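From first to last, the protein sequence lines are chains A and B. Just so you know, we're using this note's numbering here: the first sequence kicks off at 260 and counts up by one. Just so you know, we're using this note's numbering here: the second sequence kicks off at 260 and counts up by one. All C-beta atoms in this analysis are idealised placements derived from N, C-alpha and C, irrespective of residue type, glycine included. Predicted model, so just to flag it, every value in this text is computed and none were measured.
Number of protein chains: 2
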Amino acid sequence: MKLLEDRIVKDGTVLSGDILKVDTFLNHQVDPQLMNLIGKEFKKLFDKNNITRILTVESSGIAPAVLTGLQMNVPVVFARKHKSVTMSDNAFVSDVYSYTKKVTNHISIDKRFINSDDNVLIIDDFLANGQAVHGLVDIIHQAKANVSGIGIVIEKSFQPGRKQLEKDGFNVKSLARIASLDNNKVTFVE
Amino acid sequence: MKLLEDRIVKDGTVLSGDILKVDTFLNHQVDPQLMNLIGKEFKKLFDKNNITRILTVESSGIAPAVLTGLQMNVPVVFARKHKSVTMSDNAFVSDVYSYTKKVTNHISIDKRFINSDDNVLIIDDFLANGQAVHGLVDIIHQAKANVSGIGIVIEKSFQPGRKQLEKDGFNVKSLARIASLDNNKVTFVE
Chain A
260 MKLLEDRIVK
270 DGTVLSGDIL
280 KVDTFLNHQV
290 DPQLMNLIGK
300 EFKKLFDKNN
310 ITRILTVESS
320 GIAPAVLTGL
330 QMNVPVVFAR
340 KHKSVTMSDN
350 AFVSDVYSYT
360 KKVTNHISID
370 KRFINSDDNV
380 LIIDDFLANG
390 QAVHGLVDII
400 HQAKANVSGI
410 GIVIEKSFQP
420 GRKQLEKDGF
430 NVKSLARIAS
440 LDNNKVTFVE
Chain B
260 MKLLEDRIVK
270 DGTVLSGDIL
280 KVDTFLNHQV
290 DPQLMNLIGK
300 EFKKLFDKNN
310 ITRILTVESS
320 GIAPAVLTGL
330 QMNVPVVFAR
340 KHKSVTMSDN
350 AFVSDVYSYT
360 KKVTNHISID
370 KRFINSDDNV
380 LIIDDFLANG
390 QAVHGLVDII
400 HQAKANVSGI
410 GIVIEKSFQP
420 GRKQLEKDGF
430 NVKSLARIAS
440 LDNNKVTFVE
């Protein structure tokens, strides 16, 4: 997605440790018009997959997931990292290790919001090591539902997340694929 | 907003302790079409206020805030409760006590995302005691920006949040106003 790549080059900042900071439009400040175009792009990519539900993880996945749900006209469920007071114990739970934050979170989704006949599209803002996506896949499998696709806004292609997901047979589509962040410069996959 | 009230009656559940559970469409599973209608409603209510930016708090505020930002064509910033690895120390911080979770969170917003010439619309999913909104108001005042309005999806009018905000001179608009949750029944303000 050319528009997204241009925005990453214009507004993104590369920090040490292969961290790409895109908090001006994606994960602290959010550009709603860009999110809407991202939603339209994911609809194009996954429209034939008969998606019945979108899953993501709070918080940064919510904006792109909800705009994709708006375009595809399906409900969106965001997994919680922190137990909500209204959350029942009737939940699917999986462990997600965050390499950037160096903590393990339990992510959970109420069992009422994923059924065995669901074709689920996973949406997330970043794919690096793939831990969050693996947690969502685990929950979808616990529910005996189908993982119909994985849509990622920004993929760090030099980290092992995509390779493992492809090896596991999943259909992964990323709107921007980053080959390298070396020398504080963003280089995209050709 | 009649459609929202009907949805609360149809899908909401009242739990003990005056808790209204609306996780089927607002704060765990999200109905994107409803969020879009909520965005249109907030645009109608605040269109004359020359809004330049929308502020909310992660996670449940993000969906209604981003759809309102899409309708009003302004950027949305969500305050973080948990420090992000890419977040600089250059942030406005305020304390928010959660009565439901019984914890105090620091919420923070990077100083780059709120300026003294901003007319800010605060959007949140719930207003009860008003702690989250007070935290956002505090941050907006630290930035010497203007609080142009406060838009709430569901207000528990029997709790003190709105009264205090009105006493402080703020323009509060809530799409559903709940007078009581007594006897596990939702009664709206006439």
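Rounded C-alpha distance that separates residue i from residue j
i, j, result
"G420 of chain B", "F305 of chain A", "43 Å"
"V325 of chain A", "D377 of chain A", "17 Å"
"Q401 of chain B", "K340 of chain A", "30 Å"
"R371 of chain B", "I313 of chain B", "14 Å"
"I403 of chain B", "N374 of chain B", "Note that residue 403 of chain B corresponds to Lys in the displayed sequence, not to Ile. So the two alpha carbons sit approximately 7 Å from each other."
"K426 of chain B", "D369 of chain B", "29 Å"
"D383 of chain A", "L395 of chain A", "10 Å"
"V214 of chain B", "G276 of chain B", "Nothing about residue 214 of chain B can be read from this structure; chain B reaches only from 260 to 449."
"N309 of chain B", "V336 of chain B", "17 Å"
"I278 of chain B", "G271 of chain B", "10 Å"
"M260 of chain B", "I437 of chain B", "12 Å"
"Q418 of chain B", "Q423 of chain A", "50 Å"
"E414 of chain B", "E264 of chain B", "11 Å"
"K286 of chain A", "N430 of chain A", "What sits at residue 286 of chain A in the sequence shown is Asn, not Lys. Approximately 24 Å between the Cα atoms of the pair."
"V448 of chain A", "S318 of chain A", "27 Å"
"L434 of chain A", "D348 of chain B", "30 Å"
is_contact[residue i, chain B] using C-beta, thresh 8 Å
i, result
"E317 of chain A", "yes"
"R266 of chain A", "no"
"Q292 of chain A", "yes"
"A404 of chain A", "no"
"I366 of chain A", "no"
"Q288 of chain A", "yes"
"G328 of chain A", "yes"
"F417 of chain A", "no"
"D369 of chain A", "yes"
"V335 of chain A", "yes"
"N388 of chain A", "no"
"A391 of chain A", "no"
"N443 of chain A", "no"
Bounding residues of the alpha helix (DSSP H) (the contiguous stretch that carries residue i)
i, result
"I297 of chain B", "291 to 305"
"D270 of chain B", "261 to 270"
"A322 of chain A", "321 to 331"
"I399 of chain B", "390 to 401"
Beta-carbon contacts of residue i that lie in its chain and below 6 Å, excluding the five residues immediately before and after
i, result
"Q330 of chain B", "G298, K299, K302"
"T363 of chain A", "D354, Y356"
"I399 of chain A", "V379, V406"
"Q390 of chain B", "V355, Y356"
"T446 of chain B", "A438, S439"
"A322 of chain A", "V289, M294"
"V352 of chain A", "H365, S367"
"D397 of chain B", "S353"
7 Å CB neighbourhood of residue i in its chain, flanking five on each side removed
i, result
"L262 of chain A", "L296"
"D290 of chain A", "F284"
"R266 of chain A", "F284, L293"
"V333 of chain B", "I310, T311, R312, I313"
"G320 of chain A", "F337, I382, D383, D384"
"G328 of chain B", "I313, P334, V335"
Bridge-paired residues (DSSP) for residue i
i, result
"V352 of chain A", "A:S367"
"N405 of chain A", "A:N378"
"K340 of chain A", "Beta-bridge pairing links K340 of chain A to no other residue."
"S357 of chain B", "B:V362"
"T446 of chain B", "B:S439"
"L274 of chain A", "A:I278"
Test: residue i CB closer than 8 Å to a CB of chain A
i, result
"I399 of chain B", "no"
"I437 of chain B", "no"
"R421 of chain B", "no"
"I413 of chain B", "no"
"F372 of chain B", "yes"
"V448 of chain B", "no"
"N309 of chain B", "no"
"D277 of chain B", "no"
"V325 of chain B", "yes"
"I451 of chain B", "In the structure displayed, chain B extends from 260 to 449; residue 451 of chain B sits before or after that span and is not available."
"I321 of chain B", "yes"
"D282 of chain B", "yes"
"N430 of chain B", "no"
"N349 of chain B", "no"
The beta strand (DSSP E) enclosing residue i, as first and last residue numbers
i, result
"K422 of chain B", "Where K422 of chain B is concerned, there is no enclosing beta strand (DSSP E), although the alpha helix (DSSP H) it sits in stretches over 420 to 426."
"F417 of chain A", "Neither: F417 of chain A is in no beta strand (DSSP E) and is coded neither H nor E."
"I313 of chain B", "312 to 316"
"R436 of chain B", "431 to 439"
"I278 of chain A", "278 to 280"
Own chain, CB closer than 8 Å to residue i, minus 5 neighbours either side, in chain order
i, result
"K432 of chain B", "F301, L304, F305, G408, I409, G410, I411"
"K361 of chain A", "none"
"Q288 of chain B", "D282"
"V316 of chain A", "F337, A338, K340, V355, I366, D383, A391, G394, L395"
"Y358 of chain B", "A387, N388, Q390"
"V273 of chain B", "L279, K280, L440, N443, K444, V445"
"A350 of chain B", "S367, I368, D369, K370"
Neighbour list for residue i in chain E, Cβ cutoff strictly below 9 Å
i, result
"D354 of chain A", "The structure shown has no chain E; the protein chains it does contain are A and B."
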